[in-house]
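Asker:
There are 2 protein chains.
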Amino acid sequence: MSPRESEPLTREALERFAHTPDARLKQVMQSLVRHLHDFARDVQLTEAEWVQAIGFLTETGQTCTPSRQEFILLSDVLGLSMQTVVLNQARPAGCTESTVLGPFHVREAPLYENGADIANGAAGRPCTVRGQVRSVDGRPLAGALLDVWQADADGEYDVQKPGLAQAQARGKLHADADGRFEFRTIVAESYPIPTDGPVGRLLAATRRSSWRPAHLHFWIEAEGHETLVTHVFRRGDPHIATDPVFGVRQSLMADWREQPDGTTLLEYDFVLNPTVPNPPLREEPA
Amino acid sequence: MSPRESEPLTREALERFAHTPDARLKQVMQSLVRHLHDFARDVQLTEAEWVQAIGFLTETGQTCTPSRQEFILLSDVLGLSMQTVVLNQARPAGCTESTVLGPFHVREAPLYENGADIANGAAGRPCTVRGQVRSVDGRPLAGALLDVWQADADGEYDVQKPGLAQAQARGKLHADADGRFEFRTIVAESYPIPTDGPVGRLLAATRRSSWRPAHLHFWIEAEGHETLVTHVFRRGDPHIATDPVFGVRQSLMADWREQPDGTTLLEYDFVLNPTVPNPPLREEPA
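As you go down the protein sequences, you meet chains A and B in turn. Read in our numbering, the first sequence has 300 at position 273, and its numbers run on one by one without any break. Read in our numbering, the second sequence has 188 at position 161, and its numbers run on one by one without any break.
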């Protein structure tokens, strides 16, 4: 069917959103309609494919639970999450880059003392993490709040383990007066994103890797600064070039260094962008 | 952020789908990625909006039940369902036009005798519906199967009524040897699509009508012909210009005529497109 016959319908749909009182909602919905209809025309979407898409999206929604967010995963593997991060990352040179939140952040993680063991029994090789939180002018950010989370040696986050009562390899802590932080945890290992749902089937059908390169998640807040949501990646991880969620940035790679006592040490500093106080940038939907 | 900084990510996402063995899946996914990223760039999607979108889509999936399909409703109100219908409607002049399936079709409706009362107790004013099913060359299609469904006087389909054990205002029947069909039912009335879910909230926020103009659904199959999925709309319905699902076509409007005995009569003929036998075009996802 030619665009001539399908475009009046697109114009009608755009017109229907023309009376939206909120100007931003109007702009977003009209752009969405335009791109969605263009997509259907470009691929000449068949009715059988439409049925498949409806089934896929429905299953994606129904796979979500309080501890699993399959729609974030879908957005992640399409590169939409990282695209949103990149579009909103207008920071001065020298600031730490952001990356995707991922589906495993928890709003209420336990608060630890600086220096504590946040592994709390998680399986894995012992690892110490330390560094400093600074503003872009080099000033240490005293008392910055770090929220950290990671998978264990089995490649699972605590929230993925049925029946686990306490947080493991997850916690919050405050940097000291000099912006310095230190905590003990386990070595981050690469792991596959959940493959037993619709997103896993999509990756398999498109021959894409489901393995995320090893990384440690950070959500860092400091007064008068933009909240930073990022990962630190293990340099040399075999999956570093095929991260299914497109989260890797060159500047976010670091070395996990083996120490003489058999433990591992990661040192990484974070540089935040000063701004007027803002609510946290990102949180999972309620 | 300029396109210069966000486009490498789009290229990376496209490249990641390049090894999809199924050429059609590869084409669809790459086009989807391109349009999805273009949309995010065009509106400069914020992270708060991304969070809202994830929450909206998750709720849409979780609102679906065996008798409610909120994702079809979302596709409908964005004009994507009708766009898909239009794109796949390459038929000779004279064939009856298709329109959207809608979320209330049921695969296993009861089979009635031609001439029967399919209302089966549904509330509403009595109505007789009759007509003929023909091929595009005028030849009657003997024994054509008609699957019919509609809302009752309360604006509800049987599947929306909790605890209702039998089908109401829904059924299948075969046309006679001359392609003629007749059944008794109730007069179709306009009704709002479900407004208690995320799609209803979207319509409210964008000041769009949720009222579908009165219509009767048909799914018609005949050997050697394309399956026809369509509605017949009541001419003069006050909502005919603002159908929230964009289903109305001029050629699908008809008069429900009051008869001397106080009942109402709808006469409408259907013309099918001959083709090699094909599976039904559309069905709800399992």
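Glycine included, each C-beta is placed from N, C-alpha and C at the ideal position. No experiment lies behind these values; they were computed from the predicted model shown.
Can you tell me whether residue 94 of chain B is helix, strand or coil according to DSSP?
Answerer: For this step, residue 94 of chain B is matched to residue 67 along the second sequence. Residue 94 of chain B: coil per DSSP, three-state reduction.
Asker: Comparing alpha-carbon positions, which option in A:76, A:81, A:67 and A:114 lies nearest residue 76 of chain B?
Answerer: As a working mapping, residue 76 of chain B is identified with position 49 in the second sequence. Closest by alpha carbon: A:114.
Asker: What does residue 225 of chain A reach in chain B if we use C-beta pairs closer than 7 Å?
Answerer: Translated into the one-based positions of the first sequence, residue 225 of chain A becomes position 198. In chain order: nothing, as chain B lies at least about 10 Å away.
Asker: Which of helix, strand or coil does DSSP assign to residue 105 of chain A?
Answerer: Counted from its first residue, the first sequence places residue 105 of chain A at position 78. In the structure shown, residue 105 of chain A sits in coil (DSSP, three-state: anything other than H, G, I, E or B).
Asker: Strictly under 8 Å for the Cβ-Cβ distance: is residue 64 of chain B near chain A by that measure?
Answerer: Taking the first residue of the second sequence as 1, we reach residue 64 of chain B at position 37. True, the Cβ-Cβ gap to chain A drops below 8 Å.
Asker: Quick check: what's the CA-CA separation for residue 281 of chain A versus residue 262 of chain A?
Answerer: Taking the first residue of the first sequence as position 1, residue 281 of chain A is located at position 254. Taking the first residue of the first sequence as position 1, residue 262 of chain A is located at position 235. Distance between the alpha carbons of residue 281 of chain A and residue 262 of chain A is about 5 Å.
Asker: Does residue 278 of chain B come within less than 8 Å of chain A when only Cβ atoms are used?
Answerer: Walking along the second sequence from the start, residue 278 of chain B turns up at place 251. Not an interface residue.
Asker: For residue 246 of chain B, write down the residues that DSSP places opposite it in a beta bridge.
Answerer: The residue given as residue 246 of chain B occupies position 219 in the second sequence. Answer by DSSP bridge pairing, in chain order: B:174 and B:256.
Asker: With a threshold of 8 Å between beta-carbons, can residue 304 of chain B be considered close to chain A, or not?
Answerer: In the second sequence, residue 304 of chain B corresponds to position 277, counting from 1. Low confidence applies to residue 304 of chain B: its pLDDT is 44, below 50, so where it sits in the model is not reliable, and the reading given next is rough at best. Not an interface residue.
Asker: Does DSSP put residue 144 of chain B in a helix, in a strand, or in coil?
Answerer: In the second sequence, residue 144 of chain B corresponds to position 117, counting from 1. It is a strand residue.
Asker: Kindly list, in the order they appear in chain A, the residues whose Cβ is closer than 9 Å to that of residue 91 of chain B.
Answerer: On the second sequence, position 64 is the one that residue 91 of chain B refers to. Chain A residues near residue 91 of chain B: 85, 88 and 89.
Asker: In terms of residues, what are the limits of the alpha helix (DSSP H) holding residue 272 of chain A?
Answerer: Here residue 272 of chain A refers to the residue found at position 245 of the first sequence. No alpha helix (DSSP H) holds residue 272 of chain A; DSSP gives it neither H nor E.
Asker: Extract the residue ranges of the alpha helix (DSSP H) inside the segment 47 to 97 of chain B, only unbroken runs of 4 or more that lie entirely within it.
Answerer: Listed in chain order, they are 50 to 70 and 74 to 90.
Asker: Would you call the CB atoms of residue 104 of chain A and residue 230 of chain A closer than 8 Å?
Answerer: On the first sequence, position 77 is the one that residue 104 of chain A refers to. On the first sequence, position 203 is the one that residue 230 of chain A refers to. Yes. Within cutoff.
Asker: For the putative contact between residue 127 of chain B and residue 109 of chain B, defined by C-beta atoms under 8 Å, what is the C-beta separation to the nearest angstrom?
Answerer: Locating residue 127 of chain B in the second sequence gives position 100, counting from the first residue. Locating residue 109 of chain B in the second sequence gives position 82, counting from the first residue. Their Cβ separation, rounded to whole angstroms, is 5 Å, which keeps residue 127 of chain B and residue 109 of chain B in contact under 8 Å.
Asker: So what does DSSP say about residue 281 of chain A, is it helix, strand or coil?
Answerer: Against the first sequence, residue 281 of chain A aligns to sequence position 254. Residue 281 of chain A: strand per DSSP, three-state reduction.
Asker: Beta-carbon of residue 77 of chain B versus every beta-carbon of chain A: anything under 8 Å?
Answerer: As a working mapping, residue 77 of chain B is identified with position 50 in the second sequence. Yes, contact with chain A.
Asker: By Cβ distance, which residues of its chain are closer than 8 Å to residue 165 of chain A, with the 5 residues on each side in sequence left out?
Answerer: If you number the first sequence from 1, residue 165 of chain A lands on position 138. Nothing listed; no residue qualifies.
Asker: Should residue 202 of chain B and residue 160 of chain B be called a contact, given that it needs their Cβ atoms to be closer than 8 Å?
Answerer: Counting from 1 along the second sequence, the entry for residue 202 of chain B is found at position 175. Counting from 1 along the second sequence, the entry for residue 160 of chain B is found at position 133. Contact: yes.
Asker: By the three-class DSSP mapping on this structure, what secondary structure does residue 29 of chain B have?
Answerer: Residue 29 of chain B sits at position 2 when you count from the first residue of the second sequence. Low per-residue confidence applies at residue 29 of chain B: pLDDT is 47, beneath 50, and the placement is therefore not dependable enough to give any value.
Asker: In chain order, which beta strand (DSSP E) runs of at least 3 residues are fully inside the segment 177 to 215 of chain A?
Answerer: Counting only runs of 3 or more, we get 197 to 201 and 207 to 213.
Asker: In the DSSP assignment, find the beta strand (DSSP E) that holds residue 299 of chain A and state where it starts and stops.
Answerer: Counting from one through the first sequence, the residue named residue 299 of chain A turns up at place 272. Segment 297 to 299, the beta strand (DSSP E) holding residue 299 of chain A.
Asker: What do you reckon, are the CB atoms on residue 235 of chain A and residue 118 of chain B nearer than 8 Å?
Answerer: By 1-based counting over the first sequence, the position of residue 235 of chain A is 208. By 1-based counting over the second sequence, the position of residue 118 of chain B is 91. Cβ atoms of residue 235 of chain A and residue 118 of chain B: not closer than 8 Å.
Asker: Between residue 33 of chain A and chain B, is the shortest Cβ-Cβ distance under 8 Å, so that the two count as touching?
Answerer: For the purposes of this step, residue 33 of chain A is taken as the residue at position 6 of the first sequence. Chain B, which has a Cβ nearer than 8 Å to the Cβ of residue 33 of chain A, makes this yes.
Asker: Using 8 Å as the threshold, is the C-beta distance between residue 157 of chain A and residue 208 of chain A below it?
Answerer: In the first sequence, residue 157 of chain A corresponds to position 130, counting from 1. In the first sequence, residue 208 of chain A corresponds to position 181, counting from 1. Against a cut-off of 8 Å, the Cβ pair of residue 208 of chain A and residue 157 of chain A comes out as a contact.
Asker: To be precise: take each residue of the segment 107 to 134 of chain A, compare its Cβ to all Cβ atoms of chain B, and keep it if any distance is under 8 Å. Which residues remain?
Answerer: Result list: 107, 108, 109, 110, 111, 112, 113, 114, 115, 116 and 117.
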